[in-house]
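Residue numbers (our numbering), protein chains in the order written: chain B, 22 to 171; chain Y, 965 to 1115. Heads up, the beta-carbon is just placed ideally off N, CA and C, and yes, glycines get one too.
Here it is in C-alpha cells:
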C-alpha cells in the first residue's frame, strides 16, 4: 500500500509516542511519514501601532521567524533519525501559523492516508477537556481518518 | 502490533465505512475484529409511553421493541461477519444494552483491544460546527487505547 502518514509534532512527549505508533503502522503498510511541526506565532495585527513601528516589527519578526524555523527544523532531526533507523521513509516540515489551520492545510495538500497525533495528558481540572484543543479540532475537521494516541 | 480491533457499529453509513477501514487494517496486521452493537437505553421513543396505560403493558411493549432491536442488530452483525469471513479475517460480535459510550468503553477495557475504529458522524449544515458525533467524541476522550476516527 502506498500512502503517507501525517504526524503533527509539538515537541512534547505525547507527540513522540504518536510518532512511535505511526512508525509501526508505516513499517507494516510500507508508508511514508511526514513530521509536521507548527510554530504558533504572536499576531500583532490587532495592536495599535504606527506605520513605522509596524514595519519595523514586521521586519524583525521575519528574521525571528526564519531563525525559529531553522531551529525547529534542526530539532526534528532526532525524530527523523528515529524513522529512518526503522527503515521508514520520512520527511520533516516546519510551518508557521495557527496549528489547526496549518495541519489541515497540509493534510489537504498532501492527502495522507491518515493523521496520527497525540492527545494531551492533563491532570485535575484539565481532565474535563481531555483532548487537547488541537487534537479535537483536527479530528473534527480533517477529511482523512485521524488516530488519536493516548 | 494490533491483535484486537474494536469496531462499534450502529448501522449508519459512517459505521459501515469504519468497518471497511477496520477490515483492511485487520488484513494487513492479521488482527482479530470485535464488532459491537449497543442498543441504547432510550430505544423506546418517549412519546410511546403515553399510550401505554398499564405498567404490565409497558413492560410487554418494551420487551417487544427490545427483541426486535436485538434481532435487527444480530442480522446486521451477521452480515458483517460474513464479509469478514470472505476476507479471511477472524471476527466475533457482541450486542450490549445500555449507555452507548459507557458500553463501548467497557468493552474496550474488558477485551483489552489495541485499537478502536469508529465512524465520525457526518452531519451537514449548522451541525457541522460540532462535526464529531457525541459518541465518537466521548469515546475518543475517555478510552486509554488509540482511537481511529474514520470519515
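Hey, residue 107 (chain B) and residue 55 (chain B): beta-carbon distance below 8 Å or not? For the purposes of this step, residue 107 (chain B) is taken as residue 86 along the first chain, with counting starting at 1. For the purposes of this step, residue 55 (chain B) is taken as residue 34 along the first chain, with counting starting at 1. Going by C-beta atoms, residue 107 (chain B) is not nearer than 8 Å to residue 55 (chain B).
Taking all protein chains shown into account, do 16 or more other C-beta atoms lie within 10 angstroms of the C-beta of residue 1035 (chain Y), making it buried, or fewer, making it exposed? The sequence position of residue 1035 (chain Y) within the second chain is 71, counting from 1. An exposed status is given to residue 1035 (chain Y), since fewer than 16 other beta-carbon atoms sit within 10 Å of its beta-carbon.
Unbroken alpha helix (DSSP H) run spanning residue 167 (chain B), endpoints: Here residue 167 (chain B) refers to the residue found at position 146 of the first chain. Counting along the chain, residue 167 (chain B) falls outside any alpha helix (DSSP H), though it belongs to the beta strand (DSSP E) covering 167 to 170.
Where does residue 157 (chain B) land, buried or exposed, given buried means 16+ other C-beta within 10 angstroms? Start at 1 with the first residue of the first chain, and residue 157 (chain B) comes out as number 136. Classification of residue 157 (chain B): buried, given that the 10 Å Cβ count is 16 or more.
From the DSSP output, read off the bridge partner residues of residue 111 (chain B). Counting from 1 along the first chain, the entry for residue 111 (chain B) is found at position 90. Answer is B:54, bridged to residue 111 (chain B).
If we define contact as Cβ-Cβ less than 8 Å, is residue 972 (chain Y) a contact residue for chain B? Translated into positions along the second chain, residue 972 (chain Y) becomes position 8. Judged by the 8 Å Cβ criterion, residue 972 (chain Y) is not in contact with chain B.
Can you find the residues in the same chain that come closer than 7 Å, C-beta to C-beta, to residue 39 (chain B), ignoring five residues on each side of it along the sequence? As a working note, residue 39 (chain B) is residue 18 in the first chain. Closer than 7 Å at Cβ, skipping near neighbours: 28, 137, 138, 139, 170.
Would you call the CB atoms of residue 1069 (chain Y) and residue 1002 (chain Y) closer than 8 Å? What you label residue 1069 (chain Y) is simply residue 105 of the second chain in a count that begins at 1. What you label residue 1002 (chain Y) is simply residue 38 of the second chain in a count that begins at 1. Annotated as distal: residue 1069 (chain Y) and residue 1002 (chain Y), with beta-carbon spacing of 8 Å or more.
Give the residues from the region 1009 to 1022 of chain Y that approach chain B closer than 7 Å (Cβ to any Cβ), ordered along the chain. none
With residue 1114 (chain Y) and residue 982 (chain Y) assumed to form a contact (beta carbons below 8 Å), what rounded beta-carbon distance in angstroms separates them? If you number the second chain from 1, residue 1114 (chain Y) lands on position 150. If you number the second chain from 1, residue 982 (chain Y) lands on position 18. Right, the Cβ-Cβ distance comes to about 4 Å (below 8 Å), so this counts as a contact.
Within-8 Å CB hit, residue 172 (chain B) to chain Y: This structure does not reach residue 172 (chain B), given that chain B is present from 22 up to 171, and the question cannot be answered.
Cβ atoms of residue 1073 (chain Y) and residue 998 (chain Y): under 8 Å apart, would you say? Taking the first residue of the second chain as 1, we reach residue 998 (chain Y) at position 34. Taking the first residue of the second chain as 1, we reach residue 1073 (chain Y) at position 109. No, the pair does not count as a contact, with Cβ atoms beyond the cut-off.
Kindly indicate if chain Y contains any beta-carbon less than 8 Å away from that of residue 50 (chain B). Here residue 50 (chain B) is taken as the residue at index 29 of the first chain, counted from 1. Residue 50 (chain B) counts as touching chain Y.
From B:96, B:135, B:162, B:63, pick the residue whose C-alpha is nearest to that of residue 5 (chain B); which is it? Beyond the ends of chain B as shown, which are 22 and 171, falls residue 5 (chain B); an answer cannot be given.
Straight-line gap, residue 26 (chain B) to residue 977 (chain Y) (C-alpha atoms, nearest Å): Position 5 of the first chain, counted from the start, is the residue given in the question as residue 26 (chain B). Position 13 of the second chain, counted from the start, is the residue given in the question as residue 977 (chain Y). The alpha-carbon atoms of residue 26 (chain B) and residue 977 (chain Y) are separated by roughly 25 Å.
Does the beta carbon of residue 80 (chain B) sit closer than 8 Å to a beta carbon anywhere in chain Y? Locating residue 80 (chain B) in the first chain gives position 59, counting from the first residue. Contact with chain Y is absent for residue 80 (chain B), since none of that chain's Cβ atoms lies less than 8 Å from the residue's Cβ.
Short of 6 Å in beta carbon distance, which residues of its chain neighbour residue 996 (chain Y), apart from the five on each side in sequence? Order them along the chain. Along the second chain, read from residue 1 onward, the residue named residue 996 (chain Y) stands at position 32. Around residue 996 (chain Y): 968, 1054.
Taking the straight line between their C-alpha atoms, what separation do you get for residue 47 (chain B) and residue 53 (chain B)? Residue mapping note: residue 47 (chain B) aligns to position 26 of the first chain, counting from 1. Residue mapping note: residue 53 (chain B) aligns to position 32 of the first chain, counting from 1. If I take the Cα positions, the gap works out to 6 Å.
When the Cα atoms are used, what is the spatial distance from residue 149 (chain B) to residue 1103 (chain Y)? Here the question's residue 149 (chain B) lines up with position 128 in the first chain. Here the question's residue 1103 (chain Y) lines up with position 139 in the second chain. Confidence is the limiting factor: at residue 149 (chain B) the pLDDT is only 49, short of 50, which leaves the residue's position unreliable and the question unanswerable from this model.
Which chain B residues sit within Cβ distance under 7 Å of residue 1001 (chain Y)? Residue 1001 (chain Y) sits at position 37 when you count from the first residue of the second chain. Near residue 1001 (chain Y) there are no residues of chain B at all, since even the closest Cβ is about 21 Å away, more than 7 Å.
With DSSP run on the structure shown, which of helix, strand or coil describes residue 967 (chain Y)? Here residue 967 (chain Y) refers to the residue found at position 3 when the second chain is read from its first residue. Residue state, collapsed to three classes: coil.
Go to residue 1015 (chain Y), then tell me how far its alpha helix (DSSP H) extends in each direction, as first and last residue. Locating residue 1015 (chain Y) in the second chain gives position 51, where the first residue counts as 1. First-last for residue 1015 (chain Y): undefined, no H or E at that position.
Give a yes or no on whether 8 Å exceeds the smallest Cβ distance from residue 109 (chain B) to chain D. Of the chains in the structure shown, none is chain D; the protein chains are B and Y.
Taking buried to mean at least 16 other C-beta atoms within 10 Å of its own C-beta, is residue 1090 (chain Y) buried or exposed? Taking the second chain and counting its residues from 1, the one referred to as residue 1090 (chain Y) is at position 126. Because the pLDDT at residue 1090 (chain Y) is just 47, under 50, the model does not fix this residue reliably, and the point stays unresolved.
Does chain B have any CB closer than 8 Å to the CB of residue 983 (chain Y)? Translated into the one-based positions of the second chain, residue 983 (chain Y) becomes position 19. No, because no Cβ of chain B sits closer than 8 Å to the Cβ of residue 983 (chain Y).
Best match in Y:1111, Y:1005, Y:1107 for proximity to residue 1027 (chain Y) [C-alpha to C-alpha]: Residue 1027 (chain Y) sits at position 63 when you count from the first residue of the second chain. For residue 1027 (chain Y), the nearest C-alpha among the options comes from Y:1005.
Spatial distance of residue 1017 (chain Y) from residue 1083 (chain Y) (CA atoms): Sequence index remark: in the second chain, residue 1017 (chain Y) carries index 53 (1-based). Sequence index remark: in the second chain, residue 1083 (chain Y) carries index 119 (1-based). One C-alpha to the other measures close to 39 Å.
Nearest chain B C-beta to residue 1113 (chain Y) closer than 8 Å, yes or no? By one-based count along the second chain, residue 1113 (chain Y) stands at place 149. With 8 Å as the cut-off, residue 1113 (chain Y) counts as an interface residue toward chain B.
Against residue 1048 (chain Y), what residues of chain B qualify as contacts under a CB-to-CB distance less than 7 Å, listed in chain order? Counting from one through the second chain, the residue named residue 1048 (chain Y) turns up at place 84. Those do not exist, as residue 1048 (chain Y) stays about 19 Å from chain B at its closest Cβ, beyond 7 Å.
Going along chain B, which residues have a C-beta under 7 Å from residue 965 (chain Y)? For the purposes of this step, residue 965 (chain Y) is taken as residue 1 along the second chain, with counting starting at 1. 45, 49, listed in chain order.
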